[in-house]
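Trainee: Below is a structure I'd like to ask you about.
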Amino acid sequence: MSFMLLALATASAKNKEVTLKSGDPTVLNQPGKTAIFTFDYKNTICEGKPLQKYLKDRGEENVKDWPKECQDTEDNYFMERWNDESKKSITLIKGGEADYKVIVHIDKLDLGSTAVAMFVPTFSRKTGACEVSGTVDIIDQKTGKTVCVLEISKLRGVATRAFEVASSETRRRGLTYKKMAQLILEFAQKQK
13 MSFMLLALAT
23 ASAKNKEVTL
33 KSGDPTVLNQ
43 PGKTAIFTFD
53 YKNTICEGKP
63 LQKYLKDRGE
73 ENVKDWPKEC
83 QDTEDNYFME
93 RWNDESKKSI
103 TLIKGGEADY
113 KVIVHIDKLD
123 LGSTAVAMFV
133 PTFSRKTGAC
143 EVSGTVDIID
153 QKTGKTVCVL
163 EISKLRGVAT
173 RAFEVASSET
183 RRRGLTYKKM
193 AQLILEFAQK
203 QK
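In this text, residue positions in the sequence shown follow our numbering: the first is 13, and each later residue adds one.
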């Protein structure tokens, strides 16, 4: 038991963006098992405002486009990266029967700055990037019990990929979700 705590502390010290809040992250290390995933934005604070207020303040088009942008970032970045990395882990699926459910609760969302991402000369691709904080619940579908909760703290993606001239808010959020999927699975693998 003390060895496991030492291993968790060591892994947490190296990766402060993903840490264990409770439970056993090794449940993710089960190739052949599946999980349905969803993102929860009910309590999201975006740029210091409740998400719906933030979207409304930016115009009705933002409110209308939000669900499609979410599907794009969640499916094409988070799920795609997770499943690319899942040779030693559970696989995410969109629907049907699954062994687990993964719920990503986004508590804080900073979409970064398009102007900074495009025009500020820097050697850091994180300048202008999206930043998220929240929790990830892993729920056993058979028992309905939460078996692990991970904390995501100030996880910052990249603003652009190599040779990109510009990067939209949706793209920057997607790149952050992609990094989140990768870091979650790396964290779980280190807990063997």
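Ideal Cβ positions, reconstructed from N, Cα and C, are used throughout, including at glycine.
When you compare each of T85, P43, S165 to S180 by their alpha carbons, which one comes out closest?
Mentor: Here residue 180 is taken as the residue at index 168 of the sequence shown, counted from 1. It is T85.
Trainee: Based on Cα-Cα distance, which residue from P43, R185, S101 lies nearest to L121?
Mentor: Reading the sequence shown from its first residue, position 109 is the one you call residue 121. Checked all of P43, R185, S101; the closest Cα to L121 is R185.
Trainee: What did DSSP end up calling S98 once you bin it into helix, strand or coil?
Mentor: Sequence index remark: in the sequence shown, residue 98 carries index 86 (1-based). The answer is helix: DSSP assigns S98 an H, G or I state.
Trainee: Based on the DSSP secondary-structure assignment, which residues constitute the bridge partners of A141?
Mentor: For the purposes of this step, residue 141 is identified with residue 129 of the sequence shown, where counting begins at 1. Beta-bridge pairing links A141 to no other residue.
Trainee: Given that a residue counts as buried once 16 or more other Cβ atoms are within 10 Å of its Cβ, and exposed if not, what is F175?
Mentor: By 1-based counting over the sequence shown, the position of residue 175 is 163. Since pLDDT at F175 reaches only 44, below the 50 mark, its modelled position is unreliable, and the value read off the structure follows with that caveat. Result: exposed.
Trainee: Reducing DSSP to helix, strand and coil, say where A110 ends up.
Mentor: Here residue 110 refers to the residue found at position 98 of the sequence shown. DSSP places A110 in coil when its eight states are reduced to three.
Trainee: Quick check: what's the CA-CA separation for R70 versus T182?
Mentor: For the purposes of this step, residue 70 is taken as residue 58 along the sequence shown, with counting starting at 1. For the purposes of this step, residue 182 is taken as residue 170 along the sequence shown, with counting starting at 1. Near 15 Å, if we compare the C-alpha coordinates of T182 and R70.
Trainee: Rounded to whole angstroms, what is the Cα-Cα separation between T31 and N74?
Mentor: If you number the sequence shown from 1, residue 31 lands on position 19. If you number the sequence shown from 1, residue 74 lands on position 62. If I take the Cα positions, the gap works out to 32 Å.
Trainee: I'd like to check one pair, T103 with T46: are the Cβ atoms closer than 7 Å?
Mentor: Reading the sequence shown from its first residue, position 34 is the one you call residue 46. Reading the sequence shown from its first residue, position 91 is the one you call residue 103. It is a contact, given that the beta carbons lie within the stated cut-off.
Trainee: Whole angstroms are fine: how far does the CA of L123 sit from the CA of C58?
Mentor: Residue numbering aside, residue 58 sits at position 46 when the sequence shown is read from its first letter. Residue numbering aside, residue 123 sits at position 111 when the sequence shown is read from its first letter. Going by the C-alpha atoms only, they are around 8 Å apart.
Trainee: Ignore the nearest five residues each way along the sequence and tell me which others in G107's own chain have a CB closer than 8 Å to its CB.
Mentor: Indexing the sequence shown from 1 puts residue 107 at position 95. Closer than 8 Å at Cβ, skipping near neighbours: I48.
Trainee: Taking the alpha-carbon positions, what's the L197 to C82 distance?
Mentor: In the sequence shown, counting from the first residue as 1, residue 197 sits at position 185. In the sequence shown, counting from the first residue as 1, residue 82 sits at position 70. Distance between the alpha carbons of L197 and C82 is about 21 Å.
Trainee: In chain order, what residues of the same chain lie with their CB nearer than 8 Å to the CB of D111, ignoring the 5 residues before and after it?
Mentor: Counted from its first residue, the sequence shown places residue 111 at position 99. Around D111: Q42, K45, T46, A47, I102, D152, Q153, K154.
Trainee: To the nearest angstrom, report how far apart T147 and I115 are at their CA atoms.
Mentor: Residue numbering aside, residue 147 sits at position 135 when the sequence shown is read from its first letter. Residue numbering aside, residue 115 sits at position 103 when the sequence shown is read from its first letter. Cα-Cα distance, rounded: 8 Å.
Trainee: Is DSSP giving G186 helix, strand or coil here?
Mentor: Stepping through the sequence shown from its first residue, residue 186 is reached at position 174. The answer is helix: DSSP assigns G186 an H, G or I state.
Trainee: Could you tell me if T50 is buried or exposed, where buried requires 16 or more neighbouring beta carbons within 10 angstroms of its beta carbon?
Mentor: Here the question's residue 50 lines up with position 38 in the sequence shown. Answer is exposed; the Cβ neighbour count stays below 16.
Trainee: Tell me which same chain residues have a C-beta within less than 7 Å of the C-beta of K166, skipping the five on either side of it?
Mentor: Working through the sequence shown from its first residue, we reach residue 166 at position 154. Once the five neighbours on either side are set aside, the close Cβ partners of K166 are E29, E143, S145.
Trainee: Residue range of the alpha helix (DSSP H) that L123 falls in?
Mentor: For the purposes of this step, residue 123 is taken as residue 111 along the sequence shown, with counting starting at 1. Looking at the DSSP string, L123 is not in any alpha helix (DSSP H), and its letter there is neither H nor E.
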